[in-house]
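K.L.:
The C-terminal position of the sequence shown is numbered 303 in this note's numbering, with every residue numbered one higher than the one before it.
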Amino acid sequence: MSYRIAKPRVGPRTLKTALAVIVAMLIVEGYGASTSKLIFAMLGAMAAVEPTFTESVASCLTQIVGVLFGALVGVLLRLLPLDPLVATGIGIILVIVLYNCLRIRFSPSLPCFIVVTMCTTPDIQPWAYALGRIWDTTIGLTVGMVINTLVMPYDNSRQIRATVKLLEREVIDFLEEMFDGDEELPQAGQMSKTIDEMERQLQIFSNQRLFWGRKQQKEQLERFRKCDGKARELVARMEILSQVGGSGGLSPENRAALAEQGAVISEPRPMDPANERDVVIDYHVRQILKLRRELLEALGE
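1) When the Cβ atoms of the segment 117-124 are set against those of the segment 256-271, are three or more pairs found closer than 8 Å?
2) If we ignore side chains and look at the alpha-carbon of each, how far apart do glycine 13 and threonine 151 end up?
3) Across which residues does DSSP place leucine 252 in a beta bridge pair?
4) Can you tell me whether DSSP reads valine 69 as helix, strand or coil?
5) Would you call the CB atoms of glycine 142 and methionine 48 closer than 9 Å?
6) Please classify leucine 81 as buried or exposed, where buried requires at least 16 neighbouring CB atoms within 10 angstroms.
7) Take the Cβ of aspartate 280 as the centre, count every other Cβ of all protein chains shown within 10 Å, and call the residue buried at 16 or more, exposed below.
8) Would you kindly work out how many angstroms separate the C-alpha atoms of leucine 21 and isoleucine 136, rounded to a whole number?
9) So, for leucine 223: in the same chain, excluding its five sequence neighbours on each side, which residues have a beta-carbon less than 7 Å away from its beta-carbon?
10) Please check the pair leucine 112 and valine 69, which I expect to be a contact at CB under 8 Å, by giving their CB distance rounded to whole angstroms.
11) Are the CB atoms of glutamine 210 and phenylalanine 55 within a distance shorter than 9 Å?
12) Confirm, please, whether the CB-CB distance from arginine 15 to tyrosine 156 is below 9 Å.
13) Look at the Cβ atom of valine 77, then the Cβ atom of methionine 120, and state whether they are nearer than 9 Å.
14) For valine 237, which residues of its own chain have a beta-carbon under 7 Å away from its beta-carbon, when the five flanking residues on both sides are left out?
15) Under DSSP, the alpha helix (DSSP H) around valine 97 begins and ends at which residues?
16) Is DSSP giving tyrosine 131 helix, strand or coil here?
17) Would leucine 252 and proline 272 be called neighbours here (beta carbons separated by less than 9 Å)?
18) Measure the CB-CB distance between glycine 46 and threonine 140 and report whether it falls below 9 Å.
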């Protein structure tokens, strides 16, 4: 099995993560840094830098829930006369069971780490350590959220536009294959995958929260959703066309419209008005070209 090494790339999110970690650690150092303080501030800062605002909030909740669970379980176990290793084992089991019972989908590794530290380090003060870790994590999360939201906010509008343009090109390829002179009809499966990718990118775009340009973002989202609707209509039309049972002739108007878009049509036979299949095929081609034009208009091109 061969493995391909990805080309190194330092993107905006990587830079923002590094900046958030440095700022959070500088703040923590201001009131006496220790290894634990720096680690939890770093984890909080890294957790908050996600592609979208919604994902950042979910990640912050993950960290907060984890620290609270771990701190609470650690404090309770320290109050019991248990061997450190026995307390650690009970604590890990308790955290995992509670996570499962409450259907918390986040990883229990962070609270388990806190439990292990509190149970195996007898010289720390449980309440002081627990409150300190909550405070350090909160600092990291706050710094990460602020930097992630204000510094180079993620914008995937280019990816959405590129996906729409890809679909528009796939429409022409589909029609070229439809009328290439043989009886093998194209399938719309690849275009369905393109639609799914557009939906994924739209979900990311809609989960952004910008402090400026909100009106422009809302207008863009409405335009992209309109593109998504037109694209789905296109794919539905082409799926119908791929099931007609053979290629047919084209009317001069549709043939000229396709040629204008750069399509190479190999099928020389013109549409026969007396042939019902030719009429149906030509109608769907006309509707596809209309939807394609409306798709580009919705995109603003």
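C-beta atoms are modelled at their ideal positions from N, C-alpha and C, and glycine is treated no differently.
P.N.:
Concretely, from the data shown:
1) Fewer than three Cβ pairs drawn from the segment 117-124 and the segment 256-271 lie within less than 8 Å of each other, which leaves the two stretches out of contact.
2) For the purposes of this step, residue 13 is identified with residue 11 of the sequence shown, where counting begins at 1. For the purposes of this step, residue 151 is identified with residue 149 of the sequence shown, where counting begins at 1. Linking glycine 13 to threonine 151 through their CA atoms gives a straight-line distance of about 16 Å.
3) On the sequence shown, position 250 is the one that residue 252 refers to. Note: leucine 252 sits in a beta bridge opposite Pro272.
4) Working through the sequence shown from its first residue, we reach residue 69 at position 67. Here valine 69 sits in helix by DSSP.
5) The residue labelled residue 142 in the question sits at position 140 within the sequence shown. The residue labelled residue 48 in the question sits at position 46 within the sequence shown. In this structure, the beta-carbon distance from glycine 142 to methionine 48 falls below 9 Å.
6) Taking the sequence shown and counting its residues from 1, the one referred to as residue 81 is at position 79. In summary, leucine 81 is exposed, with fewer than 16 beta-carbon neighbours lying within 10 Å of its beta-carbon over all protein chains present.
7) Taking the sequence shown and counting its residues from 1, the one referred to as residue 280 is at position 278. That one is buried.
8) Looking up residue 21 in the sequence shown gives position 19. Looking up residue 136 in the sequence shown gives position 134. The alpha-carbon atoms of leucine 21 and isoleucine 136 are separated by roughly 21 Å.
9) Against the sequence shown, residue 223 aligns to sequence position 221. Cβ neighbours of leucine 223 beyond the five flanking positions: Phe207, Ser208.
10) Translated into positions along the sequence shown, residue 112 becomes position 110. Translated into positions along the sequence shown, residue 69 becomes position 67. Rounded, the Cβ-Cβ distance is 7 Å, consistent with contact.
11) Counted from its first residue, the sequence shown places residue 55 at position 53. Counted from its first residue, the sequence shown places residue 210 at position 208. It is a contact, given that the beta carbons lie within the stated cut-off.
12) Taking the first residue of the sequence shown as 1, we reach residue 156 at position 154. Taking the first residue of the sequence shown as 1, we reach residue 15 at position 13. Yes, these two residues count as a Cβ contact at 9 Å.
13) Taking the first residue of the sequence shown as position 1, residue 77 is located at position 75. Taking the first residue of the sequence shown as position 1, residue 120 is located at position 118. With contacts defined as CB atoms closer than 9 Å, valine 77 and methionine 120 qualify as a contacting pair.
14) Within the sequence shown, the letter at position 235 stands for residue 237. Ala190, Met193, Ser194, Ile197.
15) To locate residue 97, count along the sequence shown from 1; it is residue 95. Residues 86-103.
16) Locating residue 131 in the sequence shown gives position 129, where the first residue counts as 1. The DSSP-derived three-state label of tyrosine 131 is helix.
17) Here residue 252 refers to the residue found at position 250 of the sequence shown. Here residue 272 refers to the residue found at position 270 of the sequence shown. Result yes, Cβ atoms of leucine 252 and proline 272 sit closer than 9 Å.
18) Residue 46 sits at position 44 when you count from the first residue of the sequence shown. Residue 140 sits at position 138 when you count from the first residue of the sequence shown. Yes, these two residues count as a Cβ contact at 9 Å.
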